[in-house]
Amino acid sequence: MGFALEAIVSIEEKTLLAAHISMLLGRYDQAEQLFLKSSKPSEALAMRRDLLDWSKALALAGQLSPNEIPYISREYAQQLEFMGDYSSALAHYENGIIENPEEETEQILEHNEVCRSGQARMSIRTGDIRKGIQLARNLDGRLVKRDCAIILEQLKQYGEAADLYELGQGKVGELLPKVRSPKIHAQYGKIMEAEKRYKDAAVAYRNARDYDNLVRMLLDHLNMAEEAVKVVRESRSIEGAKLVAKFFSRLGDHASAIRFLVLSNCHQDAKYLFRLYVALGMTREAATTAVVIARQEQEHGSYTIARNVLLAMYQELVTKQIKVPYDMQNSLMVIHSYLIVKSLLKRNETLRAARMLIRTTANISRFPSHMVQILTSTVVVCSKAGLKSSAHKAAITLMQPEHRQKIDAKYKKKIEAFVRYLVGVVILSLFILNISPGQKTNSNPIFVHYLEAGYL
C-alpha cells in the first residue's frame, strides 16, 4: 500500500487522484467512473485489464481505444477457453483476428497466429471438426497441430488425430493401432522408410494394404522372401508379383519367376524367358514356360489368352524348326477344342462340337472356373449328337455333391430326371442280364461308370 501511495502522491488533479484511491480501496466501479471523468480516461481501461475483467474492458475499449479490441478479445478468449466456455471463446478468438493490417509487424503476426490457433482448437471443441482441422493444417506452427491432435484424440477421432500428429511430428506411432485410415498408415510407412526403420515401414504398409510397397520392403530391406511370396499370393498384387519374379530370376529360379510373372499378367517378360530358353536350346524349359503361362490363365478363366500365348510360342518353335514337345501340343489342342465349340454349334456341326466337348471334359481339371458349365454343355450337346454314353458320363459327374448345387436352374431338373431315368434303365438291364448290382462287369462302360459313381 505504501508503494502505491508513493506512486500517486504527486498527482495534483483531484478527480484522477480520487480514482486511484478508490481503486486502491477496491471500489472499482467508482474508480472507473472517476477515471472516465478525469483527464486520463484510458486508466479505466488499464484498470479493467489488470483486473482481468475482460467484458468491461472490451466495452471501454470500444469507447476509448478501438485498436485495443483485438488484443483484449484474444486475452478474453484465452480466459474463456480455460474456463471451458468454448463457444464464447471461439467468438472472441475470431473477433481478435486483425484482418488486412496496414503493417504486418512481428507482433501482429504473432497475435493473429494465437487467435487462429485458438479458433482451430475451439472449432474442434464445438463440433466443427472439419473446419478446425483445416485451420490447423493451414497454420505453420507445430504446436497448434499437436494441441488439436490431443483434442481429437480425447474425442476418439483417432484417424484425424494421427494425421495432425504426423504433420506436427508428434506421437503418431502410438495412435496407429487405433487408426483405420489406409492413407495415414501409408504416409507413416513412407516416413519410417525414409528414416530406415524398415520393420516399422513394413507394418505400416501392411496396415495401409499397400501390398506393392510391403513386398518391396520384405524383399529389398528385410530379406523375407517367403513372407513376400505369401503376401503376393494372398493379395494378388500385380506389382508385387513382378518384384517377386525379378527376385527369383536373380536367384536363377526361373520356374518360380515364371509363375509370378504370369500372376503379374506380365506376359512380355514371360515371353522373354521363353525366347531365352529357345536361344539356349532348352526346348523342354521353353515348353514348360509356355504351358505354365497357359495353365495360369486357364485357372483364371482366360482361355483365349491362354490359347494365344501357346499358339504364338508354338509358331515360334515351328519357325525355328524346333520339335514342339507333346505337353505343349496337347495343352494347345485342349484349349482350342473348347474355344471352337460355339462356332461349330453356330454352323450346326453338332457332332464335331460334341467331340470337342468330350475332349475338353477328359481334361476338365484344366478348366476349374467353368467346370460345371462345360459338363452341362457336354450333356446337352452329346445328347443332341446321339453320343449317349458321353452324355451319361457328364451327367453322372454333374450329380456329384461338389457340382450339383452349381448347375444352372434351366437344366438342373432335366439332368436330374435324365440321370434317374438312366439309373432305372441300367438296373433293369442288370436284372435282365441276371447281374447283381454289386457284381462288377466290364461289358459296358456305362455300367462301370455307374458302379464307380456309387449309383449301383
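When you read off a place in the sequence shown, starting at 1, and then add 11, the result is the number in my numbering. From the three backbone atoms N, C-alpha and C, an ideal C-beta is built for every residue, glycine too. Since the structure is predicted, the reported quantities are computational estimates derived from the model, not experimental observations.
Residue i, buried or exposed, once every other Cβ within 10 Å from all chains shown has been counted against 16
{"i": "Tyr337", "result": "exposed"}
{"i": "Phe259", "result": "buried"}
{"i": "Ser129", "result": "According to the sequence shown, residue 129 is Gly rather than Ser. It is buried - the Cβ of Gly129 has at least 16 other Cβ atoms within 10 Å."}
{"i": "Gly465", "result": "Low local confidence applies: a pLDDT of 46 at Gly465 is under 50, so the model's placement there is unreliable, and no value is given."}
{"i": "Asn341", "result": "exposed"}
{"i": "Arg295", "result": "exposed"}
{"i": "Asn78", "result": "exposed"}
{"i": "Arg143", "result": "In the sequence as presented, Arg is not what sits at residue 143; that position holds Gly. Result: buried."}
{"i": "Pro81", "result": "buried"}
{"i": "Ala428", "result": "exposed"}
{"i": "Asp174", "result": "buried"}
{"i": "Ala55", "result": "buried"}
{"i": "Arg318", "result": "buried"}
{"i": "Met203", "result": "buried"}
Secondary structure of residue i, DSSP reduced to three states
{"i": "Glu110", "result": "coil"}
{"i": "Ser76", "result": "coil"}
{"i": "Ala219", "result": "coil"}
{"i": "Gly312", "result": "coil"}
{"i": "Ile140", "result": "helix"}
{"i": "Ile22", "result": "coil"}
{"i": "Leu28", "result": "helix"}
{"i": "Pro470", "result": "As displayed, the chain neither begins before 12 nor continues past 467, which places residue 470 out of reach and without an answer."}
{"i": "Thr299", "result": "helix"}
{"i": "Asp231", "result": "helix"}
{"i": "Gln326", "result": "helix"}
{"i": "Lys67", "result": "helix"}
{"i": "Lys451", "result": "The pLDDT assigned to Lys451 is 49, lower than 50, so where the model puts this residue is not dependable, and the model offers no usable value."}
{"i": "Pro379", "result": "helix"}
{"i": "Leu83", "result": "Checking the sequence, you will find Ile at residue 83 rather than Leu. Helix, per DSSP."}
{"i": "Glu115", "result": "coil"}
{"i": "Ile304", "result": "helix"}
{"i": "Gln168", "result": "coil"}
{"i": "Arg148", "result": "helix"}
{"i": "Leu101", "result": "helix"}
Closest residue to residue i among the options (Cα-Cα distance)
{"i": "Ala323", "options": "Val383, Gly312, Glu310, Thr300", "result": "Thr300"}
{"i": "Lys503", "options": "Tyr209, Tyr176, Ala219", "result": "Nothing about residue 503 can be read from this structure; the chain reaches only from 12 to 467."}
{"i": "Glu171", "options": "Pro412, Lys417, Ala147", "result": "Ala147"}
{"i": "Tyr314", "options": "Phe378, Met235, His196, Tyr169", "result": "Phe378"}
{"i": "Ile22", "options": "Asn359, Val255, Tyr39, Ser49", "result": "Ser49"}
{"i": "Leu27", "options": "Gln44, Gly37, Leu36", "result": "Gln44"}
{"i": "Lys210", "options": "Leu229, Asp221, Tyr222", "result": "Leu229"}
{"i": "Val392", "options": "Tyr97, Arg366, Thr408, His381", "result": "Arg366"}
{"i": "Arg261", "options": "Ala236, Tyr39, Tyr325", "result": "Ala236"}
{"i": "Ile316", "options": "Ile385, Ile304, Gln74, Gln326", "result": "Ile304"}
{"i": "Glu105", "options": "Glu117, Ile83, Gly95", "result": "Ile83"}
{"i": "Arg370", "options": "Lys404, Lys357, Ser380", "result": "Lys404"}
{"i": "Glu110", "options": "Ser98, Arg127, Gln168", "result": "Arg127"}
{"i": "Glu92", "options": "Ile162, Asp40, Lys417, Asp264", "result": "Ile162"}
{"i": "Ala402", "options": "Lys425, Lys417, His381, Gln416", "result": "Lys425"}
Opening and closing residue of the alpha helix (DSSP H) in which residue i lies
{"i": "Arg363", "result": "361–372"}
{"i": "Phe46", "result": "39–48"}
{"i": "Ser401", "result": "399–409"}
{"i": "Gly251", "result": "249–262"}
{"i": "Glu204", "result": "193–205"}
{"i": "Lys331", "result": "Run containing Lys331: none; DSSP gives neither H nor E here."}
beta-carbon residue i near the ligand SAH non-hydrogen atom, thresh 8 Å
{"i": "Ala297", "result": "No copy of the ligand SAH appears in this structure; indeed no ligand is present at all."}
Any chain C beta carbon closer than 9 Å to residue i
{"i": "Ala406", "result": "The structure shown contains no chain C, having only a single protein chain."}
Legend entry - Cβ contact (3+ pairs, closer than 8 Å) linking the region 154–168 and the region 103–122: The region 154–168 vs the region 103–122: no contact.
Inset, instruction - Say whether the region 341–348 touches the region 411–421, bearing in mind that this needs 3 or more beta-carbon pairs closer than 8 Å, one atom from each stretch. - result: no
Legend entry - Given 8 Å, three or more beta-carbon pairs between the region 390–399 and the region 349–361: yes
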